[in-house]
Amino acid sequence: MAATVRRQRPRRLACWALMTVLLADLLALSDTLAVMSVDLGSESMKVAIVKPGVPMEIVLNKESRRKTPVTVTLKENERFFGDSAASMAIKNPKATLRYFQHLLGKQENNPHVALYKARFPEHELGFDPQRQTVYFQISPQLQFSPEEVLSMLLNYSRSLAEDFAEQPIKDAVITVPAFFNQAERRAVLQAARMAGLKVLQLINDNTATALSYGVFRRKDINSTAQNIMFYDMGSGSTVCTIVTYQTVKTKDAGIQPQLQIRGVGFDRTLGGLEMELRLREHLARLFNEQRKGQRAKDVRENPRAMAKLLREANRLKTVLSANADHMAQIEGLMDDVDFKAKVTRAEFEELCADLFERVPGPVQQALQSAEMKLDEIEQVILVGGATRVPKVQEVLLKAVGKEELGKNINADEAAAMGAVYQAAALSKAFKVKPFVIRDAVIYPILVEFTREVEEETGVRSLKHNKRVLFSRMGPYPQRKVITFNRYSHDFNFHINYGDLGFLGPEDLRVFGSQNLTTVKLKGVGESFKKYPDYESKGIKAHFNLDESGVLSLDRVESVFETLVEDSPEEESTLTKLGNTISSLFGGGSTPDTKENGTDTVQEEEEGPAEGSKDEPGEQAELKEEAEAPAEDTSSPPPPEAKGAAAPEGEKAAEKDGGDKPEAQKPSEKREAGSEGAPPAPEEEKKQKPARKQRMVEEIGVELVVLDLPDLPEDQLARSAQKLQDLTLRDLQKQEREKAANSLEAFIFETQDKLYQPEYQEVSTEEQREDISGKLSATSTWLEDEGFGATTAMLKEKLAELRKLCHGLFFRVEERKKWPERLSALDNLLNHSSMFLKGARLIPEMDQIFTEVEMTTLEKIINETWAWKNTTVAEQAKLPATEKPVLLSKDIEAKMAALDREVQYLLNKAKFAKPRPRPRDKNGTRAEAPLNASTSDQSEKVIPPPGQTEDTKPIPEPEKETAGPEAADSEPLELGGPAAESEQKEHPEQPTGQKRTLKNDEL
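Quick note on the UniProt record's numbering: the sequence shown kicks off at 1 and runs consecutively.
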C-alpha cells in the first residue's frame, strides 16, 4: 500500500502543478480583461466600465466630466468629439453633427428625415440609391452615413474607457431606445462592427434603468410582486415602462430576484430637444423684432447665429427649471450685435403647452400594454434630464394620481450602470450575483405563407396563412421552430411585423416598412426524392430572437422518419433493463419527457386546415410544444439537442441541435423499446421490435431583406478601413502636436533658466550666449516653418537642443545632489565603523565573524573614507564651470558596496547558532571567561525546599539566545521531571542562561 501511495504521489504533484499553472493563467487573463457599457442618449452619452478591482465606475472624459456630448465635428484634416466638437458647433455648424441617431435605420422618405432637415437646415443630406437612405455631405470629398458617424463616436467612447481602465477593451453593452425596430437595431450593430467592438448585447435603456434600480435594492425584492413605473423623458424621446420585481426559483442559482417588463409606452419626438427648439424660435423672433427697423437679415438664415441661439436656449431651459424668469443674453449674435431679452417660465410653458399635453400619453400606452390599472402601480420614478422641468412633473403627477413622484435614482447614470452590470454578467471574466431579466417584445412578428388547397368541388384555390412567431409583450431572448408539413416542393414564406394597431398613423409612417424578410427555400423537392421511403415530418424553420432583440433565421431543415426493425437477439438483457428503468422515470412517455426537459424552443406547426388571413380560429390551430420556462434568464438559451418524439400520435416535437443523418438519440431508443414491446411476454422472441430512424436534410435559404438592406460586406469593410485611416491620422496628428508642444516648452523653460543664479554659477557668459542664440533660432524657425514641419523634424530639433544644454543641466543637477549624497555616505561610514568596533569586542568563544570578514570590512571602510576625502578635495580645486569629478552615481556605488558588506555580516549574525560551552564531569560549566563580570562568576545556590524567595514573573524565552536549534545541539543537564521541578521552584533564574549546579544539588 505504501508503494502504491508513493507511486501516486508524483502524479498528484503533477496535477497540483497543472492546476497552479491554469489558475495563474486565469488570474493573468482576468487582470487584462475589462468590459464597458455605452449609454447612447440623443444629446449626451455615459460610459461605464468594470475591471478587476474597479466595480461599476462611470468613466470621466478628457474634461473630467461624467457625461459627454454626442457630437462629432468632421473637417478635411481633423475630427473633434464630445465637448471639443460642441464648442466647434458655433464656429463650423455645417461640419458639426448632432442628433444623428434619429436617422439610423431610416429611409429617405421617412418623416423623421424631413423633420431632421427642418430642425438642422445647415446640414446637407445626400441620397443613397442602393439602400434608399441618406448620408451627410460635409464637402465634395467628405461624406459619411449615420452608421459611420455613430461608429466614430463608439470608437471615441472606447478610447475614453481604455484610458480610464489602462487596458484594451473590446466587449461592450450598448443601450438603445426600447422602440427601436429591427432595422434600427441592425444599424447600431453594424456601427459597432465598424468600430471593432464586440457587442455582448443591445439592451433597452428602460431595461438597463430597471436593472440598475433592482440591483441596488436587491434586499427589498421578495416573492410579493412590486410594480414600478419608470417615466424616462430624455432629450429626444419619452419612454414609460412598467416593471414587476419579485423573486423566482431558477434551475441553476436557486431563488433569485427577477425583473419583468410588463408594459411599454413611448413618444418618439417628445423630449427636451423639442422644448429647446421652441425656445430658440422664440429668441430668434425677439432678436428680429429688436432689429426690425434696421433692414437686417433674418437671423434664421445664419447657421452660426442659430447655433448660438440653440446653446442659449439649452441654458435657459435649465435655469427656468429653478427660477421664475431669466435674462437671455448673447454677445455678438449676428453682425456684431448683442442680444439680450428676458424670458419667464410662464412664457416657456406657453410655448410648450402642446408638448406638456402629450406627457400622459406614454403612461396610458404602458398601462394598456400591461393590462394594468394605476392602482396596481406602487411608485412612479422619474428618469431622464427633461423630467426636471417643473411643468412636466406637475402634469405627470396629475396623470398618475400619486402623492409624489420618485426621485430616488440617478436620472443621468442609471441606464449606464445597469448596462455595465449586464456586461459583467455576460462576460466570462467576472462573476456577479444573478438577476433574472425578462424583457418584452414591443413589435409582434409573424410568418405568412400561401399555398394551394383543394375544395370539395375540386377547384384549387390559394389560401393565405399567418402564424404569430413572437407575440407582443412576449419575453425574449427566445427560439422558436415552425413546421410546414404540407409542402413537398420549393416554396417561399414571409416574415413581417404583426398587428401594429397600438401605433398612431404618424408613428406608423415613422416606423417604416412592416415587411421584414422574404425567405426563399431551395432543395425541398430534392430532399423528398432523396428519401422516398421515409415519412416526412415537415419542413422546420428555426428562428432566434437574441438578447439584442434582433431576429434571425438560423436554419431550415427537412425531417424524415421511418421504422427500422431489429432482430430479437440484438436486444440484450442490459438493454431491456435500461428500457425498463427509463420507463420508470418517464423515459418512455413523450409528455413526461417534454415536461421535465430544459428545451426553450417553442414549435408551431401548420394546422391541418388553414383559415383565411385573420380568422378567429386561426390561433387555436397552433400547437406549442416544449414551452419556454417561466423565468427567462438574460443569458442566451442553451443549445438544444435534436430528438424525436410523437405527441398525440401526430407530430414530432424536436429539439434544436445537430443535423447528422441516421443519428438515433437515447430517447428514441426508449420510445422504440416501449412501442415495439408486445403485450404477451412469451411472444417477445418471435416479434421483432421496431425503432425510429430520423434523417435531416439541410435546405438552402435565400433571404430578401425588405425593411432596410444591410451594408454589403465589401462596403462594410471599406467603411471600417476608412474609419481606421481617420483614427490613424488623428493619432499621428496628436503625436505631432505633442512633439511641437515639447519643443516649444523646452525653449521657454531653458531661456528662463539661463537667468537663474544656480545656472549662471556653473556656466560662462560665452556658453550662455551660445545656448541662447540656438534657442532663439529654433524659436524663430518654429514660428515661421514649424506649421509645415513633420514629427521627425520637431523631434530632431528637440534632440539637438537637449544635447547642447546637457552639460549645463548636468552640472546643476550634480550640485543639487551633493549635500544629500555626501551626508548619507558619512552616516553609513560612521555606522559601519561602530559595527566593526563592536564586532571585534565579541569574546573569542562567542565570536561569529572570521578575521577575514572583519578585515575585509575594515578595508572597504578605509578605502571609502580615502576616496571621499580625495575626491572632495579634487572637486574643490576645479572651477564650477568644468565637468565635476565628484559624481552622485559614484557616491551611490560606494555606498552600495559598503552596505552590501555590512548587510552580509548582519545576516550572518542574525542566523548564527550560539556555541555550546564545555562541561566538567559533574555537569558544571567551565569557568567563565576572564572578561566576564564578578557577578556572573559567583555561584548561585538554590535554596532547599520550604524556603521562600521574592517571587518574580517568569520572563518570556529569548528566541535569539535559546532557540530550538540551540536546544537540540546541547546535551541535557538534568533528565526527567526533576529538571522541570527545579525550573518551577526558581522562577528568578533567567531563561536562556545556564546556571552552574553543585554536586550536592545533583
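All C-beta atoms, glycine included, are put in the ideal place defined by N, C-alpha and C. Quick caveat, the model's predicted, so the values are computed rather than measured.
Is the Cβ-Cβ distance between residue i and residue j less than 8 Å?
i	j	result
His494	Gly525	no
Leu74	Phe120	no
Val248	Val363	no
Gly82	Asn61	yes
Gln393	Leu405	yes
Gln767	Leu808	yes
Gly523	Gly700	yes
Met194	Glu147	yes
Provide the residue span of the alpha helix (DSSP H) that contains residue i, from first to last.
i	result
Lys902	Residue identity differs from the one stated: residue 902 is Val in this sequence, not Lys. Segment 888-911, the alpha helix (DSSP H) holding Val902.
Asn492	No alpha helix (DSSP H) holds Asn492; the beta strand (DSSP E) holding it covers 492-497.
Asn862	851-877
Phe746	713-753
Arg311	303-320
Ala777	765-785
Gly272	272-290
Gln760	757-761
From what residue to what residue does the beta strand (DSSP E) around residue i run?
i	result
Thr247	238-250
Val38	35-40
Glu124	Premise fails: Glu124 is in no beta strand (DSSP E) and is neither H nor E.
Tyr135	133-137
Thr881	Careful: Thr881 lies outside any beta strand (DSSP E) and carries neither H nor E.
Phe511	Taken as a continuous stretch (DSSP letters only), Phe511 belongs to no beta strand (DSSP E), being part of the alpha helix (DSSP H) at 505-511.
What number of angstroms, rounded off, separates the C-alpha of residue i from the C-alpha of residue j?
i	j	result
Glu702	Val556	11 Å
Gln514	Leu563	44 Å
Lys540	Val559	7 Å
Leu997	Leu836	Since pLDDT at Leu997 reaches only 37, below the 50 mark, its modelled position is unreliable, and the value read off the structure follows with that caveat. Spanning the two alpha carbons is a distance of roughly 36 Å.
Met793	Ser237	51 Å
Leu516	Val38	28 Å
Leu279	Gln107	29 Å
Ile445	Phe179	14 Å
Ala208	Ile242	13 Å
Pro532	Ser552	31 Å
Asp899	Ser823	15 Å
Asn485	Gln368	37 Å
Thr780	Gln751	14 Å
Gly234	Arg315	16 Å
Ala416	Leu782	45 Å
Ile377	Val359	18 Å
Glu853	Val902	10 Å
Ser223	Phe230	21 Å
Leu788	Ile169	The sequence shown places Gly at residue 788, not Leu. Gly788 and Ile169: Cα-Cα distance of roughly 35 Å.
Gly53	Thr175	24 Å
Leu726	Ala191	15 Å
Met372	Thr244	11 Å
Looking only at DSSP bridge pairs, what is residue i linked to?
i	result
Ala48	Ser37, Ile58
His326	Val343
Phe266	Val239
Glu565	Ala690
Arg555	His542
Pro475	Ala440
Asp232	Val239, Val383
Asn227	Thr244
Gln256	Val248
Gln364	According to DSSP, which records beta bridges pairwise, Gln364 is partnered with nothing at all.
Glu535	Glu561
residue 1061	With the chain covering only 1 through 1002, there is no way to say anything about residue 1061.
Gly700	Lys522
Phe80	Thr73
Lys67	Bridge partners of Lys67: none, in fact.
Of all the CB atoms in chain E, is at least one closer than 8 Å to the CB of residue i?
i	result
Val243	Absent from the structure is chain E; it holds one protein chain and no more.
* Complete runs of the alpha helix (DSSP H) confined to the stretch 375-459 [at least 4 residues] -> 390-400, 414-426
* Starting from the N-terminal side, write out each stretch of the alpha helix (DSSP H) that is 4 residues or longer and does not extend beyond the stretch 806-845. => 806-840
* Could you give the uninterrupted runs of the alpha helix (DSSP H) lying entirely in the stretch 143-226, keeping only those of 4 residues or more? -> 146-165, 182-194, 205-215
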